[in-house]
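To start, the structure under review is shown below, and the notes come after it.
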Amino acid sequence: MKKILITGMSGLIGGILRSHLESLGGYDLTALNRRPVDGVRTIQADIGDLEAIRPAIEGQDVVVHLAAHVASEPMEDVVRGNLAGTWNVYEAARQAGVKRVIFASSGDTIRGVDHDPPYSQIIAGDYEAVSRWEWPKVTKELVRPGTIYGASKVWGEVLGRVYSADYGLSVLCVRIGACPAENRPRSTREVAAWLSHRDVADILHRCIEAPDDLLYDIFFAVSNNKWNYRDIEHARRVLGYIPQDSAEDFR
473 MKKILITGMS
483 GLIGGILRSH
493 LESLGGYDLT
503 ALNRRPVDGV
513 RTIQADIGDL
523 EAIRPAIEGQ
533 DVVVHLAAHV
543 ASEPMEDVVR
553 GNLAGTWNVY
563 EAARQAGVKR
573 VIFASSGDTI
583 RGVDHDPPYS
593 QIIAGDYEAV
603 SRWEWPKVTK
613 ELVRPGTIYG
623 ASKVWGEVLG
633 RVYSADYGLS
643 VLCVRIGACP
653 AENRPRSTRE
663 VAAWLSHRDV
673 ADILHRCIEA
683 PDDLLYDIFF
693 AVSNNKWNYR
703 DIEHARRVLG
713 YIPQDSAEDF
723 R
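Heads up, the sequence shown is in the numbering used here, so the first residue is 473 and it goes up one at a time.
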């Protein structure tokens with residue numbers, strides 16, 4: 473059985489991924505979490521403490537790093553959790569001989585484009601104005617965070633490239649879209665950026681099972697939304713990711 477560690481399993485996406493992997497079978501799951509997770513082996517530790525998280529990462533095949541602090545939290549928490557914490561995960565994985573880290577990045581890494589037309593019209597739901605444009609999809613090469621949280625996720629992406637290039641650790645970064653607990657878009661912005669529970673589980677699973685020689689990449693993850701402006705064709709070509717859900721079903 474492939475051994476998978478999920479950091480932040482008690483969160484929404486961690487729970488979604490756990491349920492999906494359990495339904496498939498063939499995975500030995502461990503949680504690295506600040507509080508116990510019922511029904512699964514849990515190592516309780518602060519992600520900002522390298523020594524404390526080592527026991528969770530040793531012996532794992534893949535680490536899915538979902539744990540993070542949002543930008544609304546105190547800056548010292550973002551530094552400890554998102555900056556130092558992500559370095560700790562990569563470093564512990566390197567030392568333990570883990571094959572792959574899947575880093576939960578965010579669409580906030582490019583959220584700065586929301587201020588520019590035609591993306592600003594899409595965000596506002598001014599679809600009549602947008603229809604006069606042929607808007608280019610934002611690709612993985614663009615880095616333009618719109619929040620401190622997004623900037624911290626850029627750090628995780630570029631740090632992952634260092635660990636991939638220098639140490640041969642496979643690092644796959646997934647720029648996760650808007651994935652609310654309600655499993656439906658809640659705003660005009662989410663009509664473009666929505667990611668369903670089924671689709672987020674699918675792309676993360678595809679990253680887990682991607683070929684070993686895929687050492688580094690970045691993928692946008694949104695559902696098959698009519699007004700999507702993020703490039704998911706790259707994820708289709710490399711991972712075979714074809715989202716099954718669409719925000720249009722709720723409009």
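All C-beta atoms in this analysis are idealised placements derived from N, C-alpha and C, irrespective of residue type, glycine included.
Beta-carbon within less than 8 Å of Leu686's beta-carbon, same chain only, minus the 5 sequence neighbours each way: which residues are those? Ser642, Leu644, Val710
For the beta strand (DSSP E) containing Gln516, name the first residue and the last one. 513-516
Who are the near neighbours of Tyr701 in its chain, counting only those whose CB is closer than 7 Å to its CB and skipping five residues on each side? Tyr591, Ile594, Trp607, Lys609, Val610, Ala664
For Ser718, does the three-state DSSP call read helix, strand or coil? coil
So, for Ser636: in the same chain, excluding its five sequence neighbours on each side, which residues have a beta-carbon less than 8 Å away from its beta-carbon? Ser642, Val643, Leu687, Tyr688
To the nearest angstrom, how far is it from the Cα of Leu676 to the Cα of Tyr713? 10 Å
Taking the straight line between their C-alpha atoms, what separation do you get for Ile690 and Arg490? 22 Å
Would you call Trp666 buried or exposed, if buried means 16 or more other Cβ atoms sit within 10 Å of its Cβ? buried
Can you find at least 3 beta carbon pairs, one from the region 531-541 and one from the region 480-488, that sit closer than 8 Å? yes
Got a sec? Which residues, its chain only, sit under 7 Å from Val585 by beta carbon, not counting five neighbours each side? Tyr591, Val610, Arg616
For the alpha helix (DSSP H) containing Thr660, name the first residue and the last one. 660-665
Tell whether a beta-carbon distance below 9 Å holds between Leu555 and Ser624. yes
Tell me which same chain residues have a C-beta within less than 6 Å of the C-beta of Asp674, skipping the five on either side of it? none
I need the boundaries of the beta strand (DSSP E) containing His587, first residue and last residue. Counting along the chain, His587 falls outside any beta strand (DSSP E), and DSSP gives it neither H nor E.
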